[in-house]
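With the working numbering applied, the sequence shown corresponds to residues 461 to 585, in that order.
Glycine included, each C-beta is placed from N, C-alpha and C at the ideal position.
Notes for the one structure printed next.
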Amino acid sequence: MLTLRTQMLLTLHEPLAIARGVSVSAHRTAFVVLLSLVVGISIKAIGVLLVSAFVVIPACAARLLSRTFANYVVLSAGLGALSAVIGILFSAGLNLPSGPSIVATQLTIFLTSMALPRLRVLEQG
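Spelled out as structure tokens, the structure:
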């Protein structure tokens, strides 16, 4: 079964996953198929450039804010969902296209996540 624990194990230490009896080829195939479905459907819905932004920007922001892999995965999904909701509301309120509004929201979240560690240093100093 494709679980967070097995995915973490495969990502971080493949030989240990093999030793624990994880079917590496089946898990990799399932992961690639699921990722391909999501990207394929998303490209039809919103376009190639926006799919790239939707996949990369929340993950980069989450990486800056998390210390563990589990937090990184949850925070990345949460930031993606939050930016989508805020972007759509912003789009509806100002009568703007939804895709660029969501990406602008993602960019704002990313820039904020870059600034947070620096603000903490300034507060302590």
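Contact check, S561 vs F550, beta carbons under 8 Å: Looking up residue 561 in the sequence shown gives position 101. Looking up residue 550 in the sequence shown gives position 90. Judged by beta-carbon spacing, F550 lies within the 8 Å limit of S561, meaning their Cβ atoms are closer than that value.
Host alpha helix (DSSP H) of S512 (start-end): Residue 512 sits at position 52 when you count from the first residue of the sequence shown. Where S512 is concerned, the enclosing alpha helix (DSSP H) stretches over 508–525.
Considering only residues of the same chain and omitting the five flanking positions on each side of L510, which have a CB-CB separation below 6 Å? On the sequence shown, position 50 is the one that residue 510 refers to. If you ignore the 5 residues before and after L510, its C-beta comes within less than 6 Å of the C-beta of G559, all in its own chain and listed in chain order.
Looking at the unbroken alpha helix (DSSP H) that takes in R465, where does it start and where does it end? The residue given as residue 465 occupies position 5 in the sequence shown. Element bounds for R465: 464–472.
The alpha helix (DSSP H) that contains G540, what's its start and end? On the sequence shown, residue 540 is found 80 positions in, with the first residue counted as 1. Secondary structure note for G540: its alpha helix (DSSP H) is the uninterrupted segment 529–554.
Is it true that the CB of L525 sits closer than 8 Å to the CB of S573? Working through the sequence shown from its first residue, we reach residue 573 at position 113. Working through the sequence shown from its first residue, we reach residue 525 at position 65. Cβ atoms of S573 and L525: closer than 8 Å.
Rank L576, A552, K504, L470 by C-alpha distance to the C-alpha of A490 and give the top, closest one. Position 30 of the sequence shown, counted from the first residue, corresponds to residue 490. When L576, A552, K504, L470 are compared, the shortest CA-CA separation from A490 is found for L470.
Rounded C-beta distance between G540 and A564? I'm assuming under 8 Å. As a working note, residue 540 is residue 80 in the sequence shown. As a working note, residue 564 is residue 104 in the sequence shown. Going by Cβ atoms, the distance from G540 to A564 rounds to 14 Å, so no, they are not a contact pair.
Using the Cβ count rule (16 or more neighbours within 10 Å means buried), how would you classify P518? In the sequence shown, residue 518 corresponds to position 58, counting from 1. Within a 10 Å sphere around the beta-carbon of P518 sit 16 or more other beta-carbons, which makes this residue buried.
Nearest-angstrom Cβ-Cβ length linking V492 and T466, presumed shorter than 8 Å: The residue labelled residue 492 in the question sits at position 32 within the sequence shown. The residue labelled residue 466 in the question sits at position 6 within the sequence shown. With a Cβ gap of about 15 Å, V492 and T466 do not count as contacting.
Pull up the CB-CB distance for G464 and V515, whole angstroms please, since I reckon it's below 8 Å. Counting from one through the sequence shown, the residue named residue 464 turns up at place 4. Counting from one through the sequence shown, the residue named residue 515 turns up at place 55. A small fix is needed here, since residue 464 is Leu in this sequence, not Gly. Contact between L464 and V515 is ruled out by a C-beta separation of about 18 Å, above the 8 Å threshold.
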